[in-house]
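In numbering that gives the first Met the number 0, the protein residues as written are 0 to 260.
Glycine residues also receive a C-beta, built at the ideal position from the N, C-alpha and C atoms.
This report refers to the structure that appears directly beneath it.
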Amino acid sequence: MRLLALPALSDNYIWALSGDDESALIVDPGDAAPVMAAAAHGLRPVGILLTHHHDDHIGGTTALRERWPEIPVFAPDDERILSATARVDEGVKLHVAGWTLDVLAVPGHTRSHIAYYLDRGAHGDERLLFSGDTLFSLGCGRLFEGTAAQMLVSLTRLAALPDETRVCCGHEYTLSNAAFASVVEPDNPALRRRIEQAQAMRNAGRPTVPSSLLDERATNPFLRTREAGVLRAITSRLGHPPEDEVQTFAELRRWKDGFRA
């Protein structure tokens, strides 16, 4: 199994998951050019997976289908995604090109956002989560269409996946998210180690993703809304203890929305 993070646009990643024969699943192609370039070096796209309707995740799909007209495009049940050839939703087991992926409904960033989870596929033994803009390295997506309660449920669900799951998110946001996470939990030693590792990766021109779900649970404030450090920070901002976990998450997200490093 080979997993490629293809840089696209300003800070997106298009994911390409391929087997020994170079046949590949392409996840969230916001731009066709990086996929075309990889194909020129032997990659053979055989399926496209879309997580949500935003153009920076689907914008290259039409051009890819013009190049490979038979390629299937799997997408959430959302009329705004015109390039879909098959609609998939919660509970579907998607079988394509030898891969089997579970489709998970994770609303919050958008109302119809889905994620794809590979649980030890036939081509390898890694667990992979293609989380789109729901779960980021050290962060989560903005609430454009969903509610804080919805996003909290979605993230809690993803956080329950196995420790070794590799989180393949849609953007290179680790260091900008790290600046916020450091303000929320300044005394988190695991977070400090992650920041050092991420900075070294970026200095070397490498992606900081995928991250492991074990590391996300230890360092991502949006997965740590029950932890004492996060609760102290939110209590300080509110001037009183939060009423419940939803209020904790909602205030954390509002804080991040206005945060400037």
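- If you ignore the 5 residues before and after Ala-7, its C-beta comes within less than 6 angstroms of the C-beta of Ile-13, Gly-29, Asp-30, Pro-33, all in its own chain and listed in chain order.
- For Ala-260, the closest C-alpha among the options Ala-62, Pro-241, Asn-176, Gly-131 is that of Asn-176.
- Between Val-245 and Ala-148, the C-beta spacing is below 7 angstroms.
- Assignment of Ala-249 by DSSP, reduced to helix, strand and coil, places it in the helix class.
- Here Asp-118 carries a strand assignment [DSSP, helix/strand/coil].
- Residues of the same chain with a CB within less than 6 angstroms of the CB of Arg-79, apart from the 5 flanking positions on each side, are His-52 in chain order.
- Nearest in C-alpha terms to Thr-173, of all of Arg-231, Gly-90, Arg-192, Ala-159, is Arg-192.
- Counting only residues of its own chain and dropping the five nearest sequence neighbours on each side, Asp-20 has a CB closer than 8 angstroms to the CB of Arg-43.
- Here DSSP, grouped into helix, strand and coil, assigns Arg-79 to coil.
- The stretch 66-73 and the stretch 187-202 do not touch, with fewer than 3 CB-CB distances between them shorter than 8 angstroms.
- DSSP places Asp-54 in the uninterrupted alpha helix (DSSP H) bounded by 54-57.
- The DSSP-derived three-state label of Phe-179 is helix.
- Closest in alpha carbon position to Leu-154, among Ala-15, Val-208, Phe-135, is Phe-135.
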